[in-house]
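All remarks here apply to the structure that follows.
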């Protein structure tokens, strides 16, 4: 079948991760319609050219409006900061392109809803890049829950802890600017924990939440006498209720010294528990209440067997994979969905629902009471 | 100096743990005024006599009112269910006895306050048995925080997880009866997590909370056709604010399959973090942001060195201690405080404050909004 | 039934551990013939008197020869350094006393054999204190192996690592004197690893071994200009063959910085594996090859359930026990064996076999070749 | 500078890993002379063509003799089974090509020495692919040891444990055939542990060793009635002495149920210890004896900081890398060495020394005595 021609908008951290994913799908996954890395687009021509060469794209471009209209483009991949997602994604959809978008879908619920409406109206494939769903250990957790192996869920305990903003001397950057980023730890990393909650447990119906900014102003790099206001949260924490009766806690912070990328969840069900930590992403801890009493214990499963999701494409047992592989898996499933004419998952509906929860948490943090997700 | 004559009221689980503590202080700690295990008291004469022999008390008794008035008693130790704490402790105080009381101090804030008033009026020593404060690893955490070694605290993350009520077929018992127990996981185990929060971080000022009873009725042991209503929470979760600006989450549940006595906290400060888990109580994990960047990592400290709190009285490095030792340490400090004419810590004031927080959490769970601790 | 009157010879580290064991068996295990702590014996009268009071013995004595002949003594417990084990134990046996002896049984194979002959001739009960056999997690490992749950054993991997001699400035002591101690890490701690190998895997038939003394002389405490020769090994390592075809490595050292009491073994069988580490002695890691492929992983079993060996006498699940409890279990089984007129296990035959292996390792370290255990 | 034209001989497991490394160096490391993936060579034309397309090579070929003589080839990468390494590498060297060769260098010491002589005579760059040296955590261990941070080394404890041959029903394959593979676990995986020992501790001077074949014959896939003789070891274990006075144990097995790719080492030095396990390859455990006594403990360092070796080319802190990345790092250093006209490390000298140790272990396993490495 014909390759899928891709245009990538943005070439920073996420741009590198997505570029790698397109390259690696071909080498390891043999998608029926492989990705053709057609054009990479950014604002600064010289930067774009450097990225083009390093990341392996055929062409560079600086005007995304032109790019998303090009006839030879099938898929537009949006890796820019959150404040431009809506405009680009909607333009791409209107041009009839499939759209793959980084999370959070937008900086406001309204924008997210407009994006969903646009892709649905256009009838294109759409996907949001919650890549952690496709860590093999997370897939295994999902499989166990779906099969009922850990029973009716009672508790979700999600923490996404980082420490890169712990030092008050760490300089200001766009992720601390509400206008650019929408929110802080909430949208940046709690959104991942929320997505995993929805993927693994179900819909969240109401929340109590709290947002804190520990460091109110920060130095501006290169301007010794200037300090900028931090207009987003450093840390977010919430209590949540799920539609199925489960309860949960969700916490995200950039101030947890020693935690680098500690995206951890623990789920307790009537018949067992599962625990995942992204820092040890090749492992899943699983407890089964049905094991004989004297032999019950959390199993540390190396999720690197051929029988585990995606692993058959990589290496033999015990040969671990890394962070970037979650993007490869995500892109592979996206390419296959496009080849099949199906809508991949998670898609813009998930992005909207995620945004709805983020918004409810912001409301709750202000109202000081539980808020319904709506 | 003269021994301290003890009367123990109650001989169940806590009675065994306290009896052991009195015995072991003499053998390992040489308190200046050793405990003399004078009389153990319970309702059923035959049971009391059996306990007396096994646990090593000089006499047995069945009327606690008589016991607490005996001239030859110096210290009354209250190990009964929570609904009788107030009556016994107040009577003991009025009779001029020092009082050592199991947690939670009472089943209501009002009772707790009456107890505090009584001991203060009587001028006797009083202590509440939050024994986990005296796990050496917890003491080390406290020491590090006091010294400023982990800096200004930002986050407390306390979870006390057990699983003994996970199975809906597990029979009803007094801990599920609001009249006897006051509350469920909240008072039974969240109270420990709250005490550690206060000990390590500081006073809690406001809370948002949620209480859930997953299994509403349970079978009654020995009565095949009867089911009893569960009138307490199976699980409690809360967001909290501390007076010093720190934020926290506190969660307790009896439904977390695989977690047996998982009383864990993680504290993130500006300069580092500490992590403790009672299931591995001889260890403390500590992270220092001041370590050289390429050498930063959580240290797993075996808190079994002679330089660690209490350990010099036990065994050489790496020779671990267990659950019961926390009671020995607590009793030792109680005996020493009495010998010194000082009030030990934590005492009934701490019990009252703990109750105040539990009460605020119950209020918040009902009002669906943040509640001030008062 | 009548109590068993005990005489303890020695009051240092092991004397404290054994005294505690006698006390605690009564409180927690209700042996049919409880231990009566009759007399403690040592060389220095004032030290003995202090130990007597602290450790709870009825009488003190300074002449062990008199003590072991006393009519009112049933059991002699030998806790002295290894060079006096044989003389005391043999005298006790000849006086018709049951004998409980610390490990290693003697400083030479010949002495060990004489001791065994003496107790067998006298027809008394005899036991060697390899207390780690009775860590509940080790008992569980034994049970699984006995049931065939991990299949035919292929590998034993035993390491007993400590670090208290790592610093060359650490002063000389009797454990570094061949005349007193017999050997160094070999007899002191490798002997434990060998005992666990025999307990869990089976008899060892041949060995290749190596002994190293990294620090040849050490300062003498209190004598600034004097250095003493270290005449024992700091570290021992061996390859071993078992009679049943399994192979193994055994290593013991006092120079492994960071390892405090790291008595670890890993056993790989045809159907699974078990792993134990004394520093986390409440846990056993178990792997079953018969688990479904996608769910295989090492289970970390908290060996604190009522269904686990000895635990029913202590605390609820997850309430961990410590080092000293292994002695309580050992003494309890000794008391019960005496009450039943049976020989406990491990006994002096095990002590002799252990010594045979230690001796073969010393031979192999000299001959630079494999040596048969004989 | 001009790219380095590569010919890859072999396209199985290692061929995939090496191909990936060439691709990824360009995208993430920007070598001054990037690899140009010119030709891939194997015996079966159709297989080669499939590999060529998937793995991204410009041409396919079936005659390695022609390939290694091609003028447009700069570097020959040998990924075939061990019995053909010598012939190919020597031919390539004679043709003036740089040579990169999989481990073990050859199936015999003699062949290895011939290979070394050939590359030295030809004056070409040569490297052996002991890729685990370039796990960032291993590099960090090396750095700490080089700086003296853990002091004079006393112990190396290397185990490489796998379990893929544990089941006697697992079918025969070429790795079990002495003629093809040279040896079993010894050459396949103990060789890695030996290389790490040499990299981190120093030269090995003498060994005692043992080789075991637990399963003597195995079924042949596709031939129900045929069984083939296993002519190599399932497991190897050794005691070793280092030139600098350190001692060590090295063990490799394919029969350790539950261990998938457990390439672990622990090194104890006078001032500290380091521990690495390939299954958690993003972490290094480090213990410093110089930490204050009450704060000593093994640090679990996430070796994912920008300050750690190679990590700056990948992702932010805590975003882990995987098995394949060790090849990328190795290839990058090879490309840079070629660009600089320097000999990379480890090279064929290391391969020869490794073979010398493997050979000494085989001799020792037969002679039943310690053997000098020569």
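Residue numbers (my numbering), protein chains in the order written: chain E, 1 to 374; chain R, 375 to 748; chain H, 749 to 1122; chain B, 1123 to 1496.
The beta-carbon is built from N, C-alpha and C at its ideal position, and this holds for glycine as well.
Once you ignore the five residues that flank residue 306(E) on each side, which residues in its own chain have a CB closer than 7 Å to its CB? The residue given as residue 306(E) occupies position 306 in the first chain. Excluding sequence neighbours, residue 306(E) sits near 312.
Less than 8 Å between CB atoms is the rule here; does residue 265(E) satisfy it with respect to chain R? For the purposes of this step, residue 265(E) is identified with residue 265 of the first chain, where counting begins at 1. It does not: the Cβ of residue 265(E) has no partner Cβ on chain R nearer than 8 Å.
From which residue to which residue does the beta strand (DSSP E) around residue 853(H) run? Within the third chain, numbered from 1, the residue matching residue 853(H) stands at position 105. No beta strand (DSSP E) contains residue 853(H), which DSSP labels as neither H nor E.
If you drop the 5 nearest sequence neighbours on each side, which residues of the same chain put their C-beta closer than 6 Å to that of residue 769(H)? As a working mapping, residue 769(H) is identified with position 21 in the third chain. The answer, listed in chain order, is 1075, 1076 and 1079.
Can you list, in chain order, the residues of its chain whose CB lies under 6 Å from that of residue 612(R), leaving out five sequence neighbours each side? As a first step, residue 612(R) must be located in the second chain, where it is residue number 238. So the qualifying residues of the chain are 581, 583, 624 and 735.
Can you name, in chain order, every residue of its own chain whose Cβ lies under 6 Å from the Cβ of residue 244(E), other than the five neighbours on each side? Residue 244(E) sits at position 244 when you count from the first residue of the first chain. Closer than 6 Å at Cβ, skipping near neighbours: 202.
Reducing DSSP to helix, strand and coil, say where residue 808(H) ends up. Within the third chain, the letter at position 60 stands for residue 808(H). Residue 808(H): strand per DSSP, three-state reduction.
Note down the Cα distance separating residue 832(H) from residue 854(H), rounded to an integer number of angstroms. Counting from 1 along the third chain, the entry for residue 832(H) is found at position 84. Counting from 1 along the third chain, the entry for residue 854(H) is found at position 106. In a straight line, the C-alpha of residue 832(H) is about 8 Å away from that of residue 854(H).
Does the beta-carbon of residue 1173(B), which I'm using as the reference point, lie nearer than 7 Å to any heavy atom of the ligand FMN? For the structure depicted, the ligand FMN is absent and the ligand set is empty, with no information on it obtainable.
For chain R, find out if any of its Cβ atoms is closer than 8 Å to the Cβ of residue 1408(B); answer yes or no. Walking along the fourth chain from the start, residue 1408(B) turns up at place 286. Yes, its Cβ sits closer than 8 Å to a Cβ of chain R.
Report the three-state DSSP secondary structure of residue 1293(B) (helix, strand or coil). Looking up residue 1293(B) in the fourth chain gives position 171. Reduced to three states, the DSSP call for residue 1293(B) is coil.
When the cut-off is 8 Å and only beta carbons count, does residue 574(R) lie next to chain B? Counting from 1 along the second chain, the entry for residue 574(R) is found at position 200. No, residue 574(R) lies away from the interface with chain B (no Cβ there is under 8 Å from its Cβ).
Beta-carbon of residue 330(E) versus every beta-carbon of chain R: anything under 8 Å? Looking up residue 330(E) in the first chain gives position 330. Chain R, which has no Cβ nearer than 8 Å to the Cβ of residue 330(E), makes this no.
Residue 652(R) CB to nearest chain B CB: under 8 Å? One-based indexing of the second chain puts residue 652(R) at position 278. No, because no Cβ of chain B sits closer than 8 Å to the Cβ of residue 652(R).
Give every residue of the same chain whose Cβ lies closer than 6 Å to the Cβ of residue 351(E), excluding the five residues on either side of it in the sequence, and list them in chain order. As a position in the first chain, residue 351(E) is number 351, starting the count at 1. Closer than 6 Å at Cβ, skipping near neighbours: 105, 112 and 128.
So, with DSSP's three-state summary, where would you put residue 524(R)? By one-based count along the second chain, residue 524(R) stands at place 150. In the structure shown, residue 524(R) sits in coil (DSSP, three-state: anything other than H, G, I, E or B).
Can you list the alpha helix (DSSP H) stretches of 4 or more residues lying completely in the segment 1-54 of chain E, in chain order? 13-29
Terminal residues of the continuous alpha helix (DSSP H) containing residue 697(R)? The residue labelled residue 697(R) in the question sits at position 323 within the second chain. Taken as a continuous stretch (DSSP letters only), residue 697(R) belongs to no alpha helix (DSSP H), as it is neither H nor E.
Please give the ranges of any beta strand (DSSP E) in the segment 1192-1263 of chain B, keeping only runs that are unbroken, at least 3 residues long and fully inside the region. 1197-1200, 1220-1223 and 1248-1250
Can the beta-carbon of residue 1318(B) be found closer than 8 Å to that of residue 1280(B)? Walking along the fourth chain from the start, residue 1318(B) turns up at place 196. Walking along the fourth chain from the start, residue 1280(B) turns up at place 158. Yes. Within cutoff.
Where residue 616(R) and residue 655(R) are concerned, what is the direct C-alpha to C-alpha distance, given to the nearest angstrom? Here residue 616(R) is taken as the residue at index 242 of the second chain, counted from 1. Here residue 655(R) is taken as the residue at index 281 of the second chain, counted from 1. Computed Cα separation, rounded: 26 Å.
Endpoints, the beta strand (DSSP E) within which residue 1013(H) is located: Counting from 1 along the third chain, the entry for residue 1013(H) is found at position 265. Start and end: 1010-1017.
Beta-carbon separation of residue 199(E) and residue 142(E) under 8 Å? The residue you call residue 199(E) lines up with position 199 of the first chain. The residue you call residue 142(E) lines up with position 142 of the first chain. Yes, Cβ-Cβ distance for residue 199(E) and residue 142(E) is below 8 Å.
Comparing the C-beta of residue 672(R) with each C-beta of chain B, is any distance below 8 Å? Walking along the second chain from the start, residue 672(R) turns up at place 298. It does: the Cβ of residue 672(R) has a partner Cβ on chain B nearer than 8 Å.
Using a Cβ-Cβ cut-off of less than 9 Å, give me the residues of the segment 201-219 of chain E that come near chain B, in sequence order. none
Cα separation between residue 45(E) and residue 156(E)? For the purposes of this step, residue 45(E) is taken as residue 45 along the first chain, with counting starting at 1. For the purposes of this step, residue 156(E) is taken as residue 156 along the first chain, with counting starting at 1. Approximately 46 Å between the Cα atoms of the pair.
Buried/exposed call for residue 1432(B), threshold 16 Cβ in 10 Å: Stepping through the fourth chain from its first residue, residue 1432(B) is reached at position 310. Per the 10 Å Cβ criterion, buried.
Boundaries of the beta strand (DSSP E) in which residue 971(H) is found, first to last residue: Locating residue 971(H) in the third chain gives position 223, counting from the first residue. Note, residue 971(H): beta strand (DSSP E), 971-977.
Since residue 383(R) and residue 452(R) should fall inside the 8 Å C-beta cutoff, what is the C-beta to C-beta distance between them, to a whole number of angstroms? Here residue 383(R) is taken as the residue at index 9 of the second chain, counted from 1. Here residue 452(R) is taken as the residue at index 78 of the second chain, counted from 1. That pair is a contact at about 5 Å.
On the criterion of 16 or more Cβ atoms from any shown chain inside 10 Å, does residue 370(E) qualify as buried, or is it exposed? As a first step, residue 370(E) must be located in the first chain, where it is residue number 370. So residue 370(E) counts as buried.
Are the C-beta of residue 936(H) and some C-beta of chain B separated by less than 8 Å? Working through the third chain from its first residue, we reach residue 936(H) at position 188. So no, residue 936(H) is outside the interface.
For residue 780(H), count neighbouring Cβ atoms within 10 angstroms of its own Cβ and tell me buried if that reaches 16, exposed if not. Taking the first residue of the third chain as 1, we reach residue 780(H) at position 32. It counts as exposed.
With 16 other Cβ atoms within 10 Å as the buried cut-off, status of residue 1136(B): Within the fourth chain, the letter at position 14 stands for residue 1136(B). Counting Cβ neighbours within 10 Å, residue 1136(B) comes out buried, since at least 16 surround it.
Distance CB(residue 455(R))-CB(residue 554(R)) smaller than 8 Å: Translated into the one-based positions of the second chain, residue 455(R) becomes position 81. Translated into the one-based positions of the second chain, residue 554(R) becomes position 180. A contact, by the Cβ cut-off of 8 Å.
Out of 648(R), 713(R), 409(R) and 518(R), point me to the one whose CA is closest to residue 393(R)'s CA. As a working mapping, residue 393(R) is identified with position 19 in the second chain. The residue with the shortest Cα to Cα distance from residue 393(R) is 409(R).
Could you compute how far the alpha carbon of residue 506(R) sits from the alpha carbon of residue 512(R)? Against the second chain, residue 506(R) aligns to sequence position 132. Against the second chain, residue 512(R) aligns to sequence position 138. Each residue's Cα considered, the two are about 7 Å apart.
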